[in-house]
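Have a look at the structure below, then the notes.
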Amino acid sequence: MSLPFFVMSRIGIDIRGGDRAPQVVLNGLQLALGEIKGDTQVVLYGLEEDLKEVPAQCEARICGSAIAMDEHPVRALQQKPDSTLLQGISDLAQAKIDSFASAGHSGALMVASMQALGLHEGISRPAVVSLFPKLKGGQTVVLDVGINVDAKPEQFLEFARLGKAYAQSVLACKDPRVALLNTGSEESKGNLLYQKAHQILKEQEPSFIGNAEARELFNLEAEVLVCDGFTGNMLLKQTESFYSLSRQLDLEHSFLELLNYEKYGASPILGIKGKVLLAHGASGPEAIKSMILGAESFALANFAEQFSASSTI
55 MSLPFFVMSR IGIDIRGGDR APQVVLNGLQ LALGEIKGDT QVVLYGLEED LKEVPAQCEA
115 RICGSAIAMD EHPVRALQQK PDSTLLQGIS DLAQAKIDSF ASAGHSGALM VASMQALGLH
175 EGISRPAVVS LFPKLKGGQT VVLDVGINVD AKPEQFLEFA RLGKAYAQSV LACKDPRVAL
235 LNTGSEESKG NLLYQKAHQI LKEQEPSFIG NAEARELFNL EAEVLVCDGF TGNMLLKQTE
295 SFYSLSRQLD LEHSFLELLN YEKYGASPIL GIKGKVLLAH GASGPEAIKS MILGAESFAL
355 ANFAEQFSAS STI
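Take any residue in the sequence shown, count from 1 to its spot, add 54: that is its number in our numbering.
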């Protein structure tokens with residue numbers, strides 16, 4: 055194992071996470087190793103049989119078990135304290151690694167992260183981020199896309215501040231603007247939840263520019279788009295479906311490729327006091343590669359500092 059003299063960041067990868075783990079994860083790792091920085095160290099959490107040969111720039115962390123995708127999350131965490139997922143989160147909590155990524159059990163990853171890492175001050179629940187491309191270049195940070203399906207109005211303000219911090223620290227956006235996904239541009243649009251959320255954002259978020267409709271998604275003025283997890287997840291799945299349809303119809307355009315989820319690989323879980331990324335269980339090697347590169351970018355980002363700054367405005 056050959057490591058750089060100076061390690062800038064250490065990223066943890068769950069080798070047993072995913073529907074086709076460990077082989078697909080190992081294949082994705084090989085693709086990623088050709089692109090990660092020379093001063094990044096990759097810590098691999100796997101079973102002994104997975105890590106008999108460890109690539110250069112990697113370190114093996116032998117674990118005793120793995121959590122299957124169909125296990126009950128809380129019960130699995132209790133019964134398997136030596137699992138790849140829990141060992142990775144534990145090392146993150148102890149600052150032995152700078153970020154941790156898994157395509158494994160989403161429920162177990164969420165519970166373990168909240169229990170071991172805790173939440174940032176002012177955050178009641180974590181949120182999952184997805185990036186959507188813009189036709190004129192750049193990306194929009196959209197959250198929540200899955201966790202808070204029954205969000206409260208006050209949480210939209212939390213989403214806005216988390217999204218702004220991510221846009222600033224990872225996308226290098228200096229002054230991100232925030233919009234609320236809604237059924238129309240007028241303040242009175244939407245159900246009671248969205249009307250109340252609009253009022254809170256208008257009164258308490260200086261970067262809020264108003265409502266945005268789904269049809270504006272790829273031409274959005276704002277850099278951050280907030281919504282509840284139910285709406286956000288449907289928006290995400292609809293976009294994935296649109297990309298799949300474009301492939302079936304043999305439509306070719308460079309922008310369409312930007313809708314390919316394999317280009318993004320994993321979604322950061324924001325709000326917890328640690329850098330955790332969750333990838334789709336069905337991820338292939340390309341998506342795993344993107345997950346690993348995303349874990350590297352997130353590890354180097356000053357997210358906590360940006361969030362603290364945005365919360366005190």
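Glycine included, each C-beta is placed from N, C-alpha and C at the ideal position.
Quantities reported herein were computed from a predicted structural model and do not represent experimental measurements.
Query raised in the report: Among Ala155, Ser298, Gly172, Gln193, which has the Cα closest to the Cα of serine 321?
Result: Ala155
Query - CA nearest to the CA of proline 230, picked from Asn236, Gln222, Thr237 - result: Gln222
**Report entry** Boundaries (first-last residue) of the beta strand (DSSP E) holding phenylalanine 186
**Finding:** 184–187
**Report entry** Straight-line gap, histidine 334 to tyrosine 318 (C-alpha atoms, nearest Å)
**Finding:** 11 Å
Query - Whether histidine 159 touches isoleucine 116 by CB criterion (8 Å) - result: Cβ atoms of histidine 159 and isoleucine 116: not closer than 8 Å.
Report task. Count the other CB atoms, across all protein chains shown, that sit within 10 Å of the CB of glutamate 257; report buried if there are 16 or more and exposed otherwise. Result -> exposed
Query - C-alpha distance - glycine 191 paired with leucine 146, whole-angstrom precision - result: 34 Å
Query - For asparagine 265, the residue or residues it bridges with in DSSP - result: Leu234
Query raised in the report: Is it a yes or a no for the segment 161–175 touching the segment 286–304, going by three-plus beta-carbon pairs under 8 Å?
Result: The segment 161–175 makes no contact with the segment 286–304, as fewer than three CB pairs between them are under 8 Å.
Query raised in the report: Around the Cβ of glutamine 148, are there at least 16 other Cβ atoms within 10 angstroms (buried) or fewer (exposed)?
Result: exposed
**Report entry** Alpha-carbon spacing of glutamate 359 relative to cysteine 281, whole angstroms
**Finding:** Taking the straight line from one Cα to the other gives about 24 Å.
Report task. Under 7 Å Cβ to Cβ from isoleucine 254, same chain only, skipping five residues before and after it: list those, please. Result -> Pro207, Glu208, Phe210, Leu211, listed in sequence order.
**Report entry** Beta-carbon spacing of methionine 345, serine 351 below 8 Å
**Finding:** no
Query - Close Cβ partners of isoleucine 263 (< 8 Å) along its chain, the five nearest in sequence each way excluded - result: Cβ neighbours of isoleucine 263 beyond the five flanking positions: Arg231, Val232, Ala233, Glu275, Ala276.
Query raised in the report: Can you tell me whether DSSP reads leucine 68 as helix, strand or coil?
Result: First, the amino acid is wrong: residue 68 is aspartate here, not leucine. Reduced to three states, the DSSP call for aspartate 68 is strand.
Query raised in the report: Going by beta carbon distance, what residues of the same chain come within less than 7 Å of alanine 219, once the five residues before and after it are set aside?
Result: Cβ within range, chain order: Phe357, Gln360, Phe361, Ser364.
Query raised in the report: So alanine 333 is in the beta strand (DSSP E); what residue range does that whole segment cover?
Result: 330–333
**Report entry** Supposed contact pair glutamine 111 and leucine 87 - C-beta distance, whole angstroms, cut 8 Å
**Finding:** 6 Å
**Report entry** Every unbroken alpha helix (DSSP H) within the segment 91–172, with a cutoff of 4 residues, ordered by chain
**Finding:** 127–133, 138–147, 160–171
Query raised in the report: Residue range of the beta strand (DSSP E) that leucine 87 falls in?
Result: Premise fails: leucine 87 lies in the alpha helix (DSSP H), 77–87, not in any beta strand (DSSP E).
Query raised in the report: When you compare only the Cα positions, how much space is there between proline 58 and isoleucine 143?
Result: Note that proline 58 scores 47 on pLDDT, short of 50, meaning its location in the model is unreliable; the coordinates nonetheless yield the value given after this. Counting only the Cα atoms, isoleucine 143 lies some 24 Å from proline 58.
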